[in-house]
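S.K.:
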Amino acid sequence: MPTAAIFENAPETALEWHRSGAGAALATVVQTWGSAPRRAGSQLVVSGDGRMEGSVSGGCVEGAVVMEALEALQDGQHRLLDFGVSDEDAFAVGLACGGTIKVLVEPVGSALPVALLEELVQARASRAAVAYEVNLSTGTRRLMRGNYPDRMRMDRSGLEEDGETFVAVHNPPLRLVCVGAVHITQALVPMARIAGYDPVIIDPRAAFAAPERFPGEILMEDWPDEAVTKLGLDARTALVLLTHDPKLDDPALQAALAADVFYIGALGSTKTHAGRIARMQEAGFTEEQIARIHGPVGLDIGAAGPAEIAVSILSEITAVLRGKQP
449 MPTAAIFENA
459 PETALEWHRS
469 GAGAALATVV
479 QTWGSAPRRA
489 GSQLVVSGDG
499 RMEGSVSGGC
509 VEGAVVMEAL
519 EALQDGQHRL
529 LDFGVSDEDA
539 FAVGLACGGT
549 IKVLVEPVGS
559 ALPVALLEEL
569 VQARASRAAV
579 AYEVNLSTGT
589 RRLMRGNYPD
599 RMRMDRSGLE
609 EDGETFVAVH
619 NPPLRLVCVG
629 AVHITQALVP
639 MARIAGYDPV
649 IIDPRAAFAA
659 PERFPGEILM
669 EDWPDEAVTK
679 LGLDARTALV
689 LLTHDPKLDD
699 PALQAALAAD
709 VFYIGALGST
719 KTHAGRIARM
729 QEAGFTEEQI
739 ARIHGPVGLD
749 IGAAGPAEIA
759 VSILSEITAV
769 LRGKQP
């Protein structure tokens, strides 16, 4: 696959360029076949003065898309483009073979109403999960909340079975909250970053939550319940408890059980977990709430050492996120 960074701020960039007076068009991959460089939902923003940010093909067809986008800004109409990527062009951007892609181009302010784009940008800023739905034939567009649960869970934009309805998934960034700045956390955090998570590390013990142990990462030395209250816990958050100390783990655990996080994992033996369950029962949590805790944390892969334990934790988080309950 191409090594270019994934561009995640296309709606914000398009709105900024439109407001600046330069004009903007959003180009979005709506369907792919074969060895496509970018998945459905990938976006390229083109300004009226020829600037571009993002990618729909890793470089194979960007030039043609830019020309179409500039024409769309002139006539105000959306357009659906089909491209075949040759094996030779695909190889040039790091793919083994070619394929075809379908790209939707939407000029902002005409085909794509500014108010709708503003609503989308605001939803993204507030960490609200929304689906952008557009009928490719009629051009009818709307934002939807609570619809397309499978697509939202899988982060899978694409065409519906009718072949006319395109759904672009706009989920908040995934977030991993680690309570305990321990050795496992040092291995887990960089792995989680590669997997697309924004990590946050909570530990009131200054010796553990030292910047030199976690260079460049967000460290919070607050008491865990205070820290998660500041952060806010939502359906795109995974919480992992790694301190072995109930005084630190339990306050964050109780906050997570009362929230809508998609994953809760807690380090410790089966005996330790039994004690944890008893404490949560005493705190008034229901059997259904307590059953959300994955403890001992991680998939049973025979992990030995912090790095392998981190692999098992991230694997379990991924399985839960994608609906493959372990």
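In this note's numbering, the protein residues as written are 449 to 774. For each residue, glycine too, the CB sits at the ideal point set by N, CA and C. Everything numeric in this text was worked out from a predicted model, so none of it was measured.
On a Cα-Cα basis, can you pick out the residue from Cys508, Trp465, Asp698 and Leu492 that is closest to Glu456?
M.R.: Within the sequence shown, numbered from 1, the residue matching residue 456 stands at position 8. Of the candidates Cys508, Trp465, Asp698 and Leu492, the one whose C-alpha sits nearest the C-alpha of Glu456 is Leu492.
S.K.: Can you tell me whether DSSP reads Arg684 as helix, strand or coil?
M.R.: Residue 684 sits at position 236 when you count from the first residue of the sequence shown. Reduced to three states, the DSSP call for Arg684 is coil.
S.K.: Tell me whether Ala726 is buried or exposed, calling it buried when 16 or more other Cβ atoms sit within 10 Å of its Cβ.
M.R.: Start at 1 with the first residue of the sequence shown, and residue 726 comes out as number 278. By the neighbour-count rule (16 or more Cβ atoms within 10 Å), Ala726 is not buried but exposed.
S.K.: Of all the alpha helix (DSSP H) runs that stay within the bounds of the region 574-639, which reach a length of 4 or more residues?
M.R.: Whole alpha helix (DSSP H) segments, 4+ residues: 597-602.
S.K.: Would you please state the rounded distance, in angstroms, between the beta carbons of Gln479 and Ala488? I believe it to be under 8 Å.
M.R.: Position 31 of the sequence shown holds residue 479. Position 40 of the sequence shown holds residue 488. Right, the Cβ-Cβ distance comes to about 6 Å (below 8 Å), so this counts as a contact.
S.K.: Compute the distance between the beta-carbons of Leu521 and Leu552, then report whether it is under 8 Å.
M.R.: The residue you call residue 521 lines up with position 73 of the sequence shown. The residue you call residue 552 lines up with position 104 of the sequence shown. Not in contact: Leu521 and Leu552 (Cβ atoms no closer than 8 Å).
S.K.: Put Pro499 into one of helix, strand or coil per three-state DSSP.
M.R.: Here residue 499 corresponds to residue number 51 of the sequence shown, with the count starting at 1. A small fix is needed here, since residue 499 is Arg in this sequence, not Pro. Coil at Arg499, not helix or strand.
S.K.: Please identify the residue among Glu665, Val637 and Ile632 whose C-alpha is closest to the C-alpha of Ala752.
M.R.: Here residue 752 refers to the residue found at position 304 when the sequence shown is read from its first residue. The shortest C-alpha separation from Ala752 is found at Ile632.
S.K.: From the DSSP secondary-structure annotation, give me the bridge partner or partners of Val553.
M.R.: Residue mapping note: residue 553 aligns to position 105 of the sequence shown, counting from 1. In the DSSP output, where bridge partners are listed per residue, Val553 has Ala475 and Arg527.
S.K.: What is the C-beta distance between Arg593 and Val578, in whole angstroms, given that I count them as a contact (C-beta under 8 Å)?
M.R.: As a working note, residue 593 is residue 145 in the sequence shown. As a working note, residue 578 is residue 130 in the sequence shown. Arg593 to Val578, Cβ: 6 Å. Contact.
S.K.: Identify whether Glu460 lies in helix, strand or coil by the three-state DSSP scheme.
M.R.: Here residue 460 is taken as the residue at index 12 of the sequence shown, counted from 1. Glu460 falls in the helix class under three-state DSSP.
S.K.: Checking the sheet assignment: what are the DSSP bridge partners for Ile649?
M.R.: One-based indexing of the sequence shown puts residue 649 at position 201. BP columns for Ile649 point to Cys626 and Leu667.
S.K.: For Asp646, which residues of its own chain have a beta-carbon under 6 Å away from its beta-carbon, when the five flanking residues on both sides are left out?
M.R.: The sequence position of residue 646 within the sequence shown is 198, counting from 1. Cβ within range, chain order: Pro621 and Arg623.
S.K.: Are the CB atoms of Ser503 and Arg527 within a distance shorter than 8 Å?
M.R.: Translated into positions along the sequence shown, residue 527 becomes position 79. Translated into positions along the sequence shown, residue 503 becomes position 55. Contact: no.
S.K.: So Ile712 and Ala703 are supposed to be a Cβ contact under 8 Å. How far apart are they, rounded?
M.R.: Here residue 712 corresponds to residue number 264 of the sequence shown, with the count starting at 1. Here residue 703 corresponds to residue number 255 of the sequence shown, with the count starting at 1. Their Cβ separation, rounded to whole angstroms, is 10 Å, which puts Ile712 and Ala703 out of contact at 8 Å.
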